[in-house]
Amino acid sequence: MSQQFDELAALYEKMAEWPFRKYCEIPSTIETLGDLSGLSILDFGCGSGFYTRLLKKHGAKEVVGYDISSGMISYARRREEKEQHGISYLDNKDSIPGNHFDIVLSVYTLPYAKNLAGLMELCGDMVRPIIPGGRLVTLPLHPNYALQTSYYRPYGFDLISSTTTPRTDETPLKLHLCKPPYDDFVTAYYWSSEALTSALEQSGVKNIEWQNFQVTDEGNEAHKSSFWEAYQTCPHSIILSGHKGV
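Heads up, the sequence shown is in our numbering, so the first residue is 253 and it goes up one at a time.
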């Protein structure tokens, strides 16, 4: 899984400025996290470190980023060496302490579990570092994402399935990052709401909630309502949160 991300760090940084992320996903995620003052947070699957740095900016006391992609972690570490936010980056999950973090944030990580065993392992790895009663906030592929290939193209990407049953667990699909000048593909996998909920519950997560993204006032000012209508009707992702059982 890591190899397909090793060359995408710079692109992932630029994607933070894409309208659906800048005015919708990112502010909705930060709002869901709430007041971070004094908290210890793990960014699981941190990629280039965009959210990791944002967590520190919003007042978290301790922030650790983890990713298996050597290219992503190298980029994040170079940024940290230059900017000195006080963030630690790990590339070995065995180095992550258990029962340590108030919150684990994991953005677009669950779609890269290839099979049920992989999904269970990934959920366990995400939950293990959380203190009892702490929170998990994660962004999976929306179980009811739009099946029309070009549906999300106005927002910079396509979701392409090569099967006749795209909403079947473990079904592979291609994420095509096609906002000019980009033309990059990443392989992901579909998981139903039942599969996601079951895997998280079996990993110890309770009180699971699903929350849609909301467009900010700035987003509505920057783009007409017609631009946002399709995405709000059928978003490609959703915020999934819950608490680790005591």
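A virtual CB, placed ideally from N, CA and C, is assigned to each residue, including glycine.
Since the model is a prediction, treat every value here as computed from it, not as a measurement.
Using the Cα positions of residue i and residue j, report the straight-line distance between them to the nearest angstrom.
{"i": "F353", "j": "A312", "result": "11 Å"}
{"i": "P456", "j": "T304", "result": "Contrary to the premise, residue 456 reads as Gly rather than Pro in this sequence. Rounded to the nearest angstrom, the two C-alpha atoms are 24 Å apart."}
{"i": "C486", "j": "T416", "result": "20 Å"}
{"i": "G497", "j": "Y434", "result": "42 Å"}
{"i": "T439", "j": "A447", "result": "19 Å"}
{"i": "L288", "j": "S300", "result": "21 Å"}
{"i": "D436", "j": "F409", "result": "9 Å"}
{"i": "I412", "j": "L371", "result": "21 Å"}
{"i": "C298", "j": "R419", "result": "27 Å"}
{"i": "P381", "j": "G317", "result": "12 Å"}
{"i": "I293", "j": "K345", "result": "15 Å"}
{"i": "L263", "j": "F272", "result": "15 Å"}
{"i": "I282", "j": "I460", "result": "18 Å"}
{"i": "A328", "j": "S444", "result": "32 Å"}
{"i": "V356", "j": "E314", "result": "12 Å"}
{"i": "C430", "j": "G471", "result": "21 Å"}
{"i": "L492", "j": "E373", "result": "18 Å"}
{"i": "D377", "j": "G494", "result": "15 Å"}
{"i": "P395", "j": "I325", "result": "29 Å"}
{"i": "L291", "j": "I383", "result": "11 Å"}
{"i": "E265", "j": "K274", "result": "11 Å"}
Assuming residue i is part of the alpha helix (DSSP H), what are its boundary residues?
{"i": "F465", "result": "Looking at the DSSP string, F465 is not in any alpha helix (DSSP H), and its letter there is neither H nor E."}
{"i": "P384", "result": "Run containing P384: none in the alpha helix (DSSP H); it sits in the beta strand (DSSP E), I382 to L391."}
{"i": "E265", "result": "A261 to M267"}
{"i": "G323", "result": "S322 to E335"}
From the DSSP output, in three-state form, read off residue i for me.
{"i": "E446", "result": "helix"}
{"i": "G376", "result": "helix"}
{"i": "Y483", "result": "helix"}
{"i": "D346", "result": "helix"}
{"i": "Y561", "result": "An answer regarding residue 561 cannot be provided, because it is not within the stretch 253 to 498 covered by the chain."}
{"i": "N459", "result": "strand"}
{"i": "S280", "result": "helix"}
{"i": "L306", "result": "helix"}
{"i": "Y403", "result": "coil"}
{"i": "Y397", "result": "coil"}
Quick check on the burial criterion: 16 or more other C-beta atoms within 10 angstroms. Buried or exposed for residue i?
{"i": "D469", "result": "exposed"}
{"i": "F302", "result": "buried"}
{"i": "S489", "result": "buried"}
{"i": "D295", "result": "buried"}
{"i": "L427", "result": "buried"}
{"i": "S358", "result": "buried"}
{"i": "K309", "result": "exposed"}
{"i": "S321", "result": "buried"}
{"i": "G386", "result": "buried"}
{"i": "E473", "result": "exposed"}
{"i": "L399", "result": "exposed"}
{"i": "G323", "result": "buried"}
{"i": "Q255", "result": "Any answer about Q255 is weak, because its pLDDT of 48 lies below 50 and its placement is not dependable; what the coordinates show is given next. That one is exposed."}
{"i": "A261", "result": "buried"}
{"i": "S347", "result": "exposed"}
{"i": "E269", "result": "exposed"}
{"i": "S477", "result": "exposed"}
{"i": "E414", "result": "For clarity, residue 414 is Ser in the given sequence; the question names Glu instead. With fewer than 16 Cβ atoms within 10 Å of its Cβ, S414 is classed as exposed."}
Which first and last residues belong to the beta strand (DSSP E) in which residue i is found?
{"i": "E314", "result": "E314 to Y318"}
{"i": "A440", "result": "D436 to Y441"}
{"i": "P424", "result": "P424 to L429"}
{"i": "L492", "result": "I491 to K496"}
{"i": "L411", "result": "F409 to S413"}
{"i": "I293", "result": "S292 to F296"}
Step through the CB atoms of chain D and report whether any lies within less than 7 Å of the CB of residue i.
{"i": "G299", "result": "Judged by its chain identifiers, the structure shown contains no chain D, having just a single protein chain."}
Check your understanding: Counting pairs of beta carbons, one from the stretch 441-456 and one from the stretch 387-396, are three or more of them closer than 8 Å?
Key -> yes
**Study point:** Three or more C-beta pairs below 8 Å linking the stretch 359-370 and the stretch 323-338
**Key:** no
Exercise for review: Evaluate contact between the stretch 477-485 and the stretch 401-411, counting only Cβ atoms and requiring at least three cross-stretch pairs below 8 Å.
Suggested key: yes
Practice item. Report yes or no: do three or more beta-carbon pairs, one from the stretch 460-474 and one from the stretch 423-434, lie closer than 8 Å? Key: no
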